[in-house]
Each structure stands twice: as C-alpha cells, then as structure tokens.
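Notes follow the structure.
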Amino acid sequence: MAKGTLIIGAGECGGRAALALRDLGYDGPVTLVGDEPHLPYERPPLSKDAMAGDAPVIKAIASDEILAERSIRHIHSVQAVAIDRAAHVVRLSDGSALPYDKLLLATGSLPRRLPMPGLGPRCAYLRTFNDALAIRAHLRAGNRIAIIGGGFIGLELAAAARRLGAVVTVIEAQPRILMRGVPAEIAKIVHEAHEAEGVKILCGDAIAAIADDGAEVSIALAGGQDIVADLAVIGIGAVPVTGLAAEAGLTIDNGIAVDAELRTSDPDIFAAGDCCSFPLAVYGGRRVRLEAWRNAQEQGALAASNMLGAGEAHAAVPWFWSDQYGLTLQISGLSDEGSKVVRRDLDDGAFILFHLAQDGRLVAASGIGPGNSVARDIRLAEMLIARRAKPAPEALGSQTIKLKSLLAA
Amino acid sequence: MSDWIEACGADDIDEEDVMRFDHDGRTFAIYRSPDDEYFATDGLCTHEKVHLADGLVLDDIIECPKHNGRFNYKTGAARGAPVCVNLRTYPVKLDAGKILIQIG
C-alpha cells in the first residue's frame, strides 16, 4: 500500500476516519481533502451553542498540531472533481491529482434547496461554519427571522435566535413540526416550548411566493398571510453529495450505496456518513441513510478499520439528539418500525416513548425532558434494541422498574 | 495534604451507578462499581462540560449522557471519540458507611 489512503470530505466522518487509521496503527500516507478553509470541525454546535456567544467559534476535531503529529495531510479549500478508478487517482479543483490504494468518500450532505424563484441575499442555508457566521450576524434583538422548515436545524436556530431577542416565525408546510422521525407526542412538547418562548409557528401552510429585495424578504403563504423578515433561513432537509461517485459510475441509491462494511460497488472505494445509504442489520438489512453526528463518527471509524481489512459489519443502532432551550430530545432506533407505543414517565415532566414491533421487539425509543434527564434510559433502550430484546411492556412503562434490570434478563 | 470531604452515604449509590456531588463551587462524580468499590472523578465531561452523573455506568466505564464519550472512571482514561482528554480522579475511602473523597 504505497499510495496510501485518501479521504474526500473533511467533516466529522472524514476527520474521525483519518484519526482512526492512525489509532489502528496504519502507517501509510493519509490525506484528508476538504472544500472548506477550516480544520475538521464539529457541526452540531452551529445551530446551537455556537450561536449563543457574540461570534461563533470553531470546535475542531483535531488541531493542526495533532494532524502534523499523526502525519495526516490536510488539504483544504479544494474540491475533488473526478475519480479515475482504473488509475486509482482523484483529480482536484486546483489541477492536482492524488493517488490512492483505498479511497473513502465522506462527502456529507448539503441543504436541500427551496425550489422557488425570488430567493436572494436575505435568504440563507446552514451547513458550514461560514454559513453560521453569516446567519449569526443577523441574530439580534428586534430583528425579524423567518425559519422555513420545522425540522431540527430550523427549530434549534429558532431557539438560538429567540434567546438573542429576535422576532422569530417558523413556517412548516406539514401539519406539524418534526414530522420526520419524531412522534407527535414529543413534537407537541417542542412546539409548546417554542410558543412559550414567543416563537410563532405556522404549520400546514405552503409558501406561494418569495421576494427578496436585498434589505428584507417577503414570504407569501398560500393561506394569504405575508411574513416579512430581515433574514429567512431555509432548513428543509439535506441531500447527499453523490455527484463525484455517480460520475465515477458507482452505484447510487438514496446516497452512495455501500454494503454492511461500507464498501461501494468498487472494492477499493468506501463511503461513510451522510453521503451513503447502507443496510441496517438490526432492521433486517433495511437500507437507510442517516444524517446524524454519531453515525458520521462511527462510520468514519468503521470505514477506516475496513479499509485496513477488518471486515466488520456496521451494527450500530441509529441515535440522534436535539437541544432547544433547556430541553433535550433523544431518539434511538427507527420509530416507524414500531406499531405499538408504551410511555414511561420520568421526573420533571420528562418521558420516553418505547416503540414496539408487532412481535413485541423493541425497535425505537424517543424521549424528551429537561437537560439530560432521558439520556441514560435512551442509552439503555439502544442496547435493548441492539439485542433485539422483547421487554415486557409493563416493565417499560413502570418508572420503578430499572431499565438496566431488563438488560440483564 | 488536603482534607477528606464527606460526599454521601455508601448506600446512596446503587451498584454500577453514579451520583453527582457538588462542593465549594466544584462538581464531582462518585461511582460505585459492580464489584462494590467506590471511585471519584471530576463531574464534567472533558468534551463539552456535561454532568457525567446523568450518564450510564457499565462495568468500569462511564458514558457521557450527551455524546457518548467514554471514560474509565477508575483511572480517568478517555476511551474513545469524541473525548480525548482524560478525567481527573480523586482518592476515595469508606468510613462508617460514609463516602469520603480527597479533593486536592
């Protein structure tokens, strides 16, 4: 392996993969290519804590010193433009070319674009640190912020903007916020928290037209309302970055298609994180694509291991969280696999919904509460899900029965 | 040598569990291992200052409730992403059913 390992994408996944290669003792060349001007950094704070201070600060995954010490070459501010699979070479936007023995595509995802005319300089998307800087500049007392899309990014930003005194309106086309993957009972708590903080949430109304004159943006809703804002932030989902892989002839299926070991249709090319779809063993091999921080981290490490020949299958249970005001929501598993719900109430108004399949198997757990009140039980539920356990519904629903005791059963 | 501080009663913590203890503006986590020994570390995760006492104890590991960073609470050693800085640990002793920790 003289050409070494090349990683395209220097986010959570790519950064973790590079570090993992060294942790695993790999001593060949490791090159990490990113199109942003920054060190690999954590994206979750961009819609949360990074907005709280006067200026967002980068939370780097690895410093320049660590990268140097571990002999990881980081090439920033360039894009990979083509993969020559026969020659095992990737061409970059600066005209250079990098050879590889094994290639990892950790190209991530990009915000889904609102397919409408009329967007302008007062319309923003949030993906990168630079996006966060641009948005932060508009978050101040009295400024009007419209959030298009009641998903996690939009709602976390709404909370951050509200904390800074902005006048915030959330516009969601679906009948409720957090339609995708979050039970209605939990979305309701989030909705009420936002309203209590003074955020206006408009659900079930489509956008008819947008006009941005450079000073403000007007959003005309189909129902007749007009929302005028100093800034509109669009958070309507993400799409995997697959262009490079598709051009190279790799199989695409809602993302770059990989097997359980994260290998693409080319045995020397792997893909991991937001950009790939993969079979989830715990749900009978159901093919999913996850846009989640922990998945990016775990798959980066797994891809590193498998590029070195470990042959390990991805076995993790999906998990994600969101922080809004003092509330934290955590979900493990895929709740749409369930057909029955059991509720467990915890202290301080926190609660967890356990989602059970027809045959009694625990397939997901969704929790919400102040601070980290649901964290421990969600983690235990994740372990039960991984074991394909069929815990007694009465035990799940009773606060006096410790979940840990079910794990031993 | 600093004094030993009483943190809690030995029975206040279940086996294989953790409890938060605040003292003099500082916060600690006190652990009871599955083999019934007691340990103490700094109370906040080295990744994002989250209270570890809300996390899960499994064998000799404490998992941060927020981002699943892991530490060996007996030694303080960081055990995997996203944590890379070790936890500080403190001596613990059991005296007449009380847990004492030495916070230097």
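Chains A and B supply the protein sequences, listed in that same order.
For what it's worth, UniProt numbering labels the leading residue of the first sequence as 1, then goes sequentially.
For what it's worth, UniProt numbering labels the leading residue of the second sequence as 1, then goes sequentially.
In this text, a Cβ means the ideal position worked out from N, Cα and C, and glycines have one as well.
Identify, in the order they occur along the chain, each residue of the same chain with its Cβ nearer than 6 Å to the Cβ of residue i, setting aside the five sequence neighbours on each side.
i              : result
Tyr73(B)       : Tyr31, Phe39, Thr41 and Ile62
Ala389(A)      : Leu362
residue 415(A) : Beyond the ends of chain A as shown, which are 1 and 409, falls residue 415(A); an answer cannot be given.
Residue i CB to nearest chain A CB: under 8 Å?
i        : result
Val85(B) : no
Pro82(B) : yes
Asp35(B) : no
Lys66(B) : yes
Leu56(B) : yes
Val92(B) : no
Give a yes or no on whether 8 Å exceeds the smallest Cβ distance from residue i to chain B.
i         : result
Ala375(A) : yes
Arg144(A) : no
Arg379(A) : yes
Gln297(A) : yes
Arg387(A) : no
Arg294(A) : yes
Starting from residue i, trace the beta strand (DSSP E) both ways and give me its first and last residue.
i         : result
Asp95(B)  : Val92 to Asp95
Gly9(B)   : Trp4 to Gly9
Val342(A) : Lys340 to Asp345
Ile99(B)  : Lys98 to Gln102
Cys276(A) : Cys276 to Leu280
Pro40(A)  : Looking at the DSSP string, Pro40(A) is not in any beta strand (DSSP E), and its letter there is neither H nor E.
Val217(A) : Val217 to Leu221
Met51(A)  : Here Met51(A) belongs to no beta strand (DSSP E); instead the alpha helix (DSSP H) covers Asp49 to Ala52.
Pro240(A) : Ala238 to Pro240
Arg286(A) : Arg286 to Val288
Ala375(A) : Segment Ala375 to Ala386 is the alpha helix (DSSP H) holding Ala375(A); no beta strand (DSSP E) there.
Asn130(A) : Counting along the chain, Asn130(A) falls outside any beta strand (DSSP E), though it belongs to the alpha helix (DSSP H) covering Phe129 to Arg136.
Lys49(B)  : Lys49(B) -> no beta strand (DSSP E), and no H or E assigned at all.
Leu21(A)  : Unbroken run through Leu21(A) is the alpha helix (DSSP H), Glu12 to Asp23; no beta strand (DSSP E).
Glu16(B)  : Careful: Glu16(B) lies outside any beta strand (DSSP E) and carries neither H nor E.
Ala124(A) : Cys123 to Tyr125
Pro366(A) : In the sequence as displayed, the identity of residue 366(A) is Ser instead of Pro. Leu362 to Pro370 is the extent of the beta strand (DSSP E) around Ser366(A).
Which residues bound the alpha helix (DSSP H) around residue i?
i         : result
Asn295(A) : Trp293 to Met307
Val30(A)  : Careful: Val30(A) lies outside any alpha helix (DSSP H), inside the beta strand (DSSP E) at Val30 to Val33.
Arg73(A)  : That residue, Arg73(A), is in no alpha helix (DSSP H); its beta strand (DSSP E) goes Ile72 to Ile75.
His355(A) : Element bounds for His355(A): not the alpha helix (DSSP H) but the beta strand (DSSP E), Phe351 to Leu356.
Ile153(A) : Phe152 to Arg163
Met179(A) : Per DSSP, Met179(A) belongs to no alpha helix (DSSP H) and is neither H nor E.
Ile252(A) : No alpha helix (DSSP H) holds Ile252(A); DSSP gives it neither H nor E.
Asp42(B)  : First-last for Asp42(B): Tyr38 to Asp42, but that is the beta strand (DSSP E), not the alpha helix (DSSP H).
Leu396(A) : Pro393 to Gly397
Lys404(A) : Leu403 to Ala408
Leu64(A)  : For the sequence presented, residue 64(A) should be read as Asp rather than Leu. Element bounds for Asp64(A): Asp64 to Glu69.
With a CB to CB cut of under 8 Å and the five nearest residues on each side skipped, what residues in its chain are close to residue i?
i         : result
Leu244(A) : Ile8, Ala80, Val81, Ala82, Ile83, Leu105 and Thr107
Ala55(A)  : Leu133 and Arg136
Leu94(B)  : Ala10, Tyr38 and Leu100
Leu178(A) : Gly150, Gly151, Phe152, Leu155, Ile186, Ala187 and Val190
Asp101(A) : Met1, Ala2, Lys3, Gly4, Thr5, Gly28, His88 and Asp268
For residue i, which residues in chain D fall below 8 Å Cβ to Cβ?
i        : result
Arg16(A) : The displayed structure is made up of protein chains A and B, and chain D is not among them.
By Cβ distance, which residues of its chain are closer than 7 Å to residue i, with the 5 residues on each side in sequence left out?
i         : result
Met307(A) : Thr5, Lys102, Leu104 and Phe270
Checklist entry - Using 8 Å as the threshold, is the stretch 70-82 of chain A in touch with the stretch 264-277 of chain A, meaning 3 or more CB pairs across them? => result no
Checklist entry - Closer than 9 Å, Cβ to any Cβ of chain A: which residues of the stretch 5-28 of chain B, in chain order? => result Asp14, Glu16 and Asp17
Checklist entry - How about the stretch 57-76 of chain A and the stretch 35-46 of chain A: do they share at least three Cβ pairs that are nearer than 8 Å? => result yes
Next on the checklist: With three or more beta-carbon pairs closer than 8 Å as the criterion, would you say the stretch 330-346 of chain A touches the stretch 15-34 of chain A?
Outcome noted: no
Next on the checklist: Would the stretch 207-218 of chain A count as touching the stretch 124-143 of chain A if we require 3 or more Cβ pairs under 8 Å?
Outcome noted: no
Checklist entry - For the stretch 359-373 of chain A, which residues have a CB atom closer than 9 Å to at least one CB atom of chain B, in sequence order? => result Gly371, Asn372 and Ser373
Item to check | Stretch-stretch touch, CB-based, cutoff 8 Å, three pairs: the stretch 289-303 of chain A with the stretch 8-19 of chain A | outcome: yes
Checklist entry - Is the number of C-beta pairs between the stretch 308-324 of chain A and the stretch 337-344 of chain A that are closer than 8 Å three or more? => result no
Checklist entry - Any contact of the stretch 386-397 of chain A with the stretch 78-91 of chain B, i.e. 3+ C-beta pairs under 8 Å? => result no
Item to check | Inter-stretch contact (C-beta, 8 Å, three-pair minimum) for the stretch 107-120 of chain A and the stretch 229-239 of chain A | outcome: yes
Next on the checklist: I'd like to know if the stretch 259-268 of chain A and the stretch 164-183 of chain A are in contact, where contact means that at least 3 CB-CB pairs between them fall below 8 Å.
Outcome noted: no
Checklist entry - Below 8 Å, can you find three or more Cβ-Cβ pairs linking the stretch 62-73 of chain A to the stretch 219-232 of chain A? => result no
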